[in-house]
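**Q** Residue numbering for the sequence shown is 1 to 237, as defined by full-length UniProt numbering. Mind having a look at this structure? Questions to follow.
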Amino acid sequence: MALLRLYQPLKGYAYNSDSLFLAHFARPFIKRHARLLDVGAGCGVVGLLCAREFANPLDLLEIDPDLAFFAQQNSAHAPNVGVICADFLQANLPTPYDCILSNPPYYPQNSPASPNPQIARATNQSFLPLDTLCAKAHALLKPQGYFILCYHASLGDALLYCLQNAKLNPVSLRFVHPFKDKKATLILCCARKSSKSLLEIQPPLITHNSKDQRDVSTEVATIYAQARTYSIKAQIG
Numbered sequence: 001m002a003l004l005r006l007y008q009p010l011k012g013y014a015y016n017s018d019s020l021f022l023a024h025f026a027r028p029f030i031k032r033h034a035r036l037l038d039v040g041a042g043c044g045v046v047g048l049l050c051a052r053e054f055a056n057p058l059d060l061l062e063i064d065p066d067l068a069f070f071a072q073q074n075s076a077h078a079p080n081v082g083v084i085c086a087d088f089l090q091a092n093l094p095t096p097y098d099c100i101l102s103n104p105p106y107y108p109q110n111s112p113a114s115p116n117p118q119i120a121r122a123t124n125q126s127f128l129p130l131d132t133l134c135a136k137a138h139a140l141l142k143p144q145g146y147f148i149l150c151y152h153a154s155l156g157d158a159l160l161y162c163l164q165n166a167k168l169n170p171v172s173l174r175f176v177h178p179f180k181d182k183k184a185t186l187i188l189c190c191a192r193k194s195s196k197s198l199l200e201i202q203p204p205l206i207t208h209n210s211k212d213q214r215d216v217s218t219e220v221a222t223i224y225a226q227a228r229t230y231s232i233k234a235q236i237g
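Listed below in structure tokens is the structure:
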């Protein structure tokens, strides 16, 4: 795979390893010609990684104008990619999609929000409640379409409840742990519309061998190598 250069804001919300883990988890569910939507796309990293192998048609939806600008720059040379700057809950989107991807905000609505508006929108549920996100995802998906997202592990019960309440059946989960003897911090989840499949729990993803941040597990090193992303911090204007 070619190196994916990603412009990001000098100050504000930036993608992290969660985005790379989500894209790696999602790719086996994405088939050739599948139409993709990345909700809360930020600079476009998850959607672009997922669409890269098959040049899938992809819409990157981002509410923040600056992040949408970066997504536009990052996708300029990618085929079949469009950027939509809009509120997901208000946007009039083309339908249906084969797969919707999201790294949504998960901090509870009553928790203190970041003073940085860009970070607050990306992290606080008051801007995109989980139940409403799931309901609209269901409406935008084809029958048998996938909704693939990551979420904080401690809120796994809320995630499964909202998915099932929106008639999206969880079919695959993977828990991400910082060390093999530590509790999970992240859930990677694939849910499917109009599915009765039983839930599969994948083996855990262990990110580090030690507290040295450079000492990542063999699998994480492979994920980073396959993603081949290069972040470039930039300022608009």
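Ideal Cβ placement from N, Cα and C applies to all residues, glycine included. Here the structure is a predicted model, which means the values were calculated and not measured.
Where do the ends of the beta strand (DSSP E) carrying A234 lie?
**A** Your numbering for residue 234 matches position 234 in the sequence shown. Counting along the chain, the beta strand (DSSP E) containing A234 begins and ends at T229 to A234.
**Q** Going by beta carbon distance, what residues of the same chain come within less than 8 Å of S111, once the five residues before and after it are set aside?
**A** As a first step, residue 111 is located in the sequence shown; it is residue number 111 there, counting from the start. Contacts found: N124.
**Q** Which runs of the beta strand (DSSP E) at least 3 residues long sit entirely within the segment 144-204? Give them in chain order.
**A** Listed in chain order, the complete beta strand (DSSP E) runs (minimum 3 residues) inside the segment 144-204 are 168-177 and 186-193.
**Q** Which residues share a DSSP beta bridge with V24?
**A** As a first step, residue 24 is located in the sequence shown; it is residue number 24 there, counting from the start. Correcting the residue identity first, residue 24 is His in this sequence and not Val. None; H24 has no bridge partner.
**Q** Which stretch, first to last residue, makes up the beta strand (DSSP E) that contains L48?
**A** One-based indexing of the sequence shown puts residue 48 at position 48. Unbroken run through L48 is the alpha helix (DSSP H), V45 to R52; no beta strand (DSSP E).
**Q** How far does the alpha helix (DSSP H) with P65 in it reach, from first residue to last?
**A** Along the sequence shown, one-based indexing puts residue 65 at 65. Residues P65 to N74.
**Q** Go ahead and pull the three-state DSSP assignment for L141.
**A** Within the sequence shown, residue 141 is the residue found at index 141, counting from 1. Strand.
**Q** Quick check: the Cα distance between S210 and F179, rounded to an integer number of angstroms?
**A** Looking up residue 210 in the sequence shown gives position 210. Looking up residue 179 in the sequence shown gives position 179. Straight-line Cα distance between these residues: approximately 7 Å.
**Q** Residue range of the alpha helix (DSSP H) that Y121 falls in?
**A** For the purposes of this step, residue 121 is taken as residue 121 along the sequence shown, with counting starting at 1. In the sequence as displayed, the identity of residue 121 is Arg instead of Tyr. Start and end: P117 to T123.
**Q** In angstroms with no decimal places, state the Cα-to-Cα distance between L163 and L4.
**A** Counting from 1 along the sequence shown, the entry for residue 163 is found at position 163. Counting from 1 along the sequence shown, the entry for residue 4 is found at position 4. Each residue's alpha carbon lies about 32 Å from the other.
**Q** Ordered along the chain, which non-local residues of its own chain (more than five positions away) have a Cβ less than 6 Å from that of R35?
**A** Stepping through the sequence shown from its first residue, residue 35 is reached at position 35. Answer for R35: P57, Y97 and D98, listed in chain order.
**Q** With which residues is C85 paired in a DSSP beta bridge?
**A** In the sequence shown, the residue the question calls residue 85 occupies position 85. In the DSSP output, where bridge partners are listed per residue, C85 has E62.
**Q** Residues bridged to Q8 by DSSP?
**A** Here residue 8 is taken as the residue at index 8 of the sequence shown, counted from 1. Note: Q8 sits in a beta bridge opposite K233.
**Q** Give me, in chain order, the residues of the same chain whose beta-carbon lies closer than 8 Å to that of A153; leave out the 5 immediate sequence neighbours on both sides.
**A** Position 153 of the sequence shown, counted from the start, is the residue given in the question as residue 153. Answer for A153: F175, V176, K183, A184, T185, L186 and I187, listed in chain order.
**Q** Can you name the start and end residues of the beta strand (DSSP E) that L128 belongs to?
**A** Here the question's residue 128 lines up with position 128 in the sequence shown. Counting along the chain, L128 falls outside any beta strand (DSSP E), and DSSP gives it neither H nor E.
**Q** With distances taken from CA atoms, which of K196, S194 and G12 is nearest P65?
**A** Locating residue 65 in the sequence shown gives position 65, counting from the first residue. The shortest C-alpha separation from P65 is found at G12.
**Q** Using alpha carbons as the reference points, say which of P108, A68 and A139 lies closest to Y151.
**A** Counted from its first residue, the sequence shown places residue 151 at position 151. Per the Cα distances, P108.
**Q** Secondary structure at S17, three-state DSSP: helix, strand or coil?
**A** Taking the first residue of the sequence shown as 1, we reach residue 17 at position 17. DSSP places S17 in helix when its eight states are reduced to three.
**Q** Take the Cβ of Y230 as the centre, count every other Cβ of all protein chains shown within 10 Å, and call the residue buried at 16 or more, exposed below.
**A** Here residue 230 refers to the residue found at position 230 when the sequence shown is read from its first residue. Flag for Y230 reads exposed.
**Q** Name the DSSP beta bridge partners of S102, please?
**A** Walking along the sequence shown from the start, residue 102 turns up at place 102. DSSP output for S102 lists V39 and L149 as bridge partner(s).
**Q** Would G82 be called buried (16 or more neighbouring beta carbons within 10 Å of its own) or exposed?
**A** The residue given as residue 82 occupies position 82 in the sequence shown. Answer is exposed; the Cβ neighbour count stays below 16.
**Q** For I206, which of helix, strand or coil comes out of DSSP?
**A** The residue you call residue 206 lines up with position 206 of the sequence shown. Strand at I206.
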